[in-house]
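Participant: I have a structure here, written as structure tokens, and I will follow up with some questions on it.
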């Protein structure tokens, strides 16, 4: 960009794509910890760049020659330039004028996988020197030799990554004439294209050498003189990952953490962990603070809370289902999971209605520069994903579908179980303008599980069968608007239909059924304001409406006043329940750097929940503190209050109590983070949590309306507490290996009543050790392993029984002291291999759970008279073999 001294007549530059493409080569090597070495898919574009303002200078004071001020600038995700620094200055007043002007510039941010990312780039301001006198033109002499015209041939091409077809911007391309030794050089633009002008005709040698890819050398023929014709006939040149790029990392912008502790995972970390079958959402099970769930179910005890105290969120909205049945994969295609954030406690105020931790999943678009097809086939399921860009990447439409075929595999093992699942996503994104972006997402899943011919454990010789089906279908509309460089507005709305149907049929018993269905709608809208890098605020409003109903045919206790039946024959009743409710929740969060490195993260959320016949208010204040003492050490801590309303069926008559209050959790933690070396981090944190008003089943007799008494099936007298420490040693996604080692030591307890006091929680696990590590072996082979070692769950063993002639049943006798199941241990292994062709990739993987078939007991089982005890077995040796084609 050229600027005349003391004048502003030069028109502002609107597009600097070629300049930025070249400059990104320099910016990518900048030692900035928040950036990665891989270039984004879409380079930034200049919207407005003000002219530098210089003092008025006479022509004689202008420099003799052009002066170039070289800068390094950070283009943030909102297109602003919050930071700029000199790379090569020329002195005052030019350096200050350039720095002042560029920090007022506005860009369309760079994008990676459709998401805005921050990048450092090089940027030059050239101040033109004094104009010189025009040289005298020497008349041509008759005996002068005619000047030979310069060659006028053109050569064009495009550089893309082999296999993925990702355009490579800012790549130096060299042409060499072997006849004369002369060389020419060009840089690829954001689309990976390059053009050479003024070439000689004939065969030239093309060289592409960059540290990120294997060198490429080809002989090309130059014959076109028309640039349009040369570009129409341009060939693609495919660069195979090699050198550093074979082990490169892609780390999206490291935004300041919005909680004392949040673990963000992306890219390979989400899909290459052994034992997860490549599913990103299963990675949570190996993070600190997370107790192992029985049989690999997708419900987690986080820091000693209840199973249902952990909330799942997809694109900012709550999700009732995140996993398929029986340890199946998540309901989102792994290639559409952009990031996963895990908050074990003290989550930001933009989330709410959960008393424990939060698992937040953000979906993403595939690359917008090309069509994309992904076909995945393994022993148990098949899936495909197809996306196509619209109007040169201004929009994109993506379709994904997966279907299991357990019904073809299970009959080879047993004819008593049938299992199936399906999930889908249709996603469309559109940029109305660079500042206004919208998207619509359709997401859904269906699961079914049935058992038949299962022998009864009561010794009667009878059999039973059961059938479970569940599913959800949602639509999400979202709009993001950049109001200016400091202010953004985001709003999204979701509508979701859910259903669950359960039935059980046993010989000699009445059929038991429970069908639950309904829908919820939610609107989230918030403003984000960041006037500078030391202050940010967010204010939003969340509106929720739920309408669920149930058709029940279930056994209940004997009606009050009726005599106890002589034999065990519970009464089965039929009932229909309707549970409408709503919620309103305004919230505010802040991010204040009150001193260098010291950040305060306050948050406040007001919850108003309407269920039963009353409105229940709950205030959730939060405060997190992060103090970066230096580049390596950070101290962190938080205190927070969180509330969770009871399940709608616990507050609806005739079985529920509308007066049940929300559960409450007081959370706190204190710890530190340390960076011992580049790419490594260590986090150590102590935590405590106290829970009150937890719902539990009851059989109490309470006063009803008037003088009547009635049975209370639920109450909130349960209390809980948990305390412990967490350690996370992590190697970032870079180099030849990456992964983490997590260890948690904790104790979770529940109040058992005045007579028994505090006792261990049923899902308490004192020691939890997880090691997940992946090695890049070279030639695009990778080998990963995950090892789990946890304490067994506590339980009260049955030490005997007595026969009850009235009910014709054996009644168990429990030990007075609790015992624990045996130590749980398991090793999972995953092997991946990728073959690259020019326009597609073929991948092969083997994922084995429980390699050495450890017989981990989950819960004991007893014979009908409790004389014989057997251990319930956890997931056995379970391998899968898969193939994947990516276009």
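Numbering (my numbering), first residue to last: 50 to 936. We put the beta carbon where it would ideally sit given N, CA and C, even for glycine.
1. Quick one: any contact between the region 380–390 and the region 839–849, if contact means 3 or more CB pairs under 8 Å?
2. Taking C-beta to C-beta, are residue 128 and residue 155 nearer than 8 Å?
3. Under three-state DSSP, which class holds residue 384?
4. Note down the Cα distance separating residue 528 from residue 573, rounded to an integer number of angstroms.
5. Output the distance between the C-alpha atoms of residue 926 and residue 876, rounded to the nearest integer angstrom.
6. Answer yes or no: do residue 32 and residue 216 have a C-beta to C-beta separation smaller than 8 Å?
7. If we count the other Cβ atoms within 10 Å of its Cβ and call it buried at 16 or more, is residue 624 buried or exposed?
8. Assuming residue 824 contacts residue 786 under a Cβ cut-off of 8 Å, what Cβ separation, rounded to an integer in Å, is found between them?
9. Mapping DSSP to helix, strand and coil, what is residue 216?
10. Helix, strand or coil for residue 456? Go by DSSP, reduced to three states.
11. Only counting the same chain, and skipping five residues up and downstream in sequence, which positions put a Cβ closer than 6 Å to that of residue 660?
12. For residue 491, which residues from the same chain have a beta carbon less than 6 Å from its beta carbon, with the 5 sequence-adjacent residues on both sides left out?
13. Label residue 866 either buried or exposed according to how many other C-beta atoms from any shown protein chain fall within 10 Å of its C-beta, with 16 as the threshold for buried.
14. Relative to the alpha-carbon of residue 747, which residue among 830, 739, 767 and 734 has its alpha-carbon at the smallest distance?
15. By DSSP, does residue 922 sit in helix, in strand, or in coil?
16. To which residues of the same chain is residue 148 closer than 6 Å at the C-beta, ignoring the five residues directly before and after it?
17. Could you please give me the residues that DSSP links to residue 577 through a beta bridge?
18. Could you tell me the distance, in whole angstroms, from the CA atom of residue 791 to the CA atom of residue 820?
19. Quick one: Cα of residue 922 to Cα of residue 844, how far?
20. So the alpha helix (DSSP H) residue 151 belongs to, where does it begin and stop?
21. So, is residue 678 buried or exposed, given that buried needs 16 or more other C-beta atoms within 10 angstroms?
22. Would you tell me roughly how many angstroms separate the C-alpha atoms of residue 530 and residue 813, rounded to the nearest one?
23. State yes or no: is the C-beta of residue 399 within less than 8 Å of the C-beta of residue 628?
24. In this structure, does DSSP put residue 138 in helix, strand or coil?
25. Closest by CA to residue 849, which one among 915, 272, 264 and 816?
26. Quick check on the DSSP output: the alpha helix (DSSP H) that includes residue 814 runs from which residue to which?
27. Consult DSSP for residue 278 and reduce its assignment to one of helix, strand or coil.
28. Is the Cβ-Cβ distance between residue 518 and residue 497 less than 8 Å?
29. Could you give the distance in angstroms between the alpha-carbon of residue 469 and the alpha-carbon of residue 534?
30. For residue 779 and residue 691, what's the separation of their Cα atoms in angstroms?
31. Among all the DSSP beta bridges, which residues are the ones paired with residue 407?
32. In the DSSP assignment, find the beta strand (DSSP E) that holds residue 427 and state where it starts and stops.
33. Quick one: what does DSSP say residue 334 is sitting in, helix, strand or coil?
34. Are the region 364–376 and the region 533–549 touching by the rule of at least three beta carbon pairs closer than 8 Å?
35. Under the assumption that residue 711 contacts residue 667 (Cβ atoms under 8 Å), give the Cβ distance between them as a whole number of angstroms.
36. Bridge partners of residue 593, per DSSP?
Facilitator: Short version:
1. no
2. yes
3. helix
4. 11 Å
5. 10 Å
6. This structure gives no information on residue 32, because the portion of the chain shown stretches from 50 to 936.
7. exposed
8. 5 Å
9. strand
10. helix
11. 630 and 700
12. 475 and 524
13. exposed
14. 767
15. strand
16. 133
17. 537 and 587
18. 6 Å
19. 16 Å
20. 143–151
21. exposed
22. 45 Å
23. no
24. coil
25. 915
26. Note, residue 814: premise wrong, no alpha helix (DSSP H); not H, not E.
27. helix
28. yes
29. 49 Å
30. 29 Å
31. 360 and 392
32. 421–427
33. helix
34. yes
35. 5 Å
36. 571 and 632
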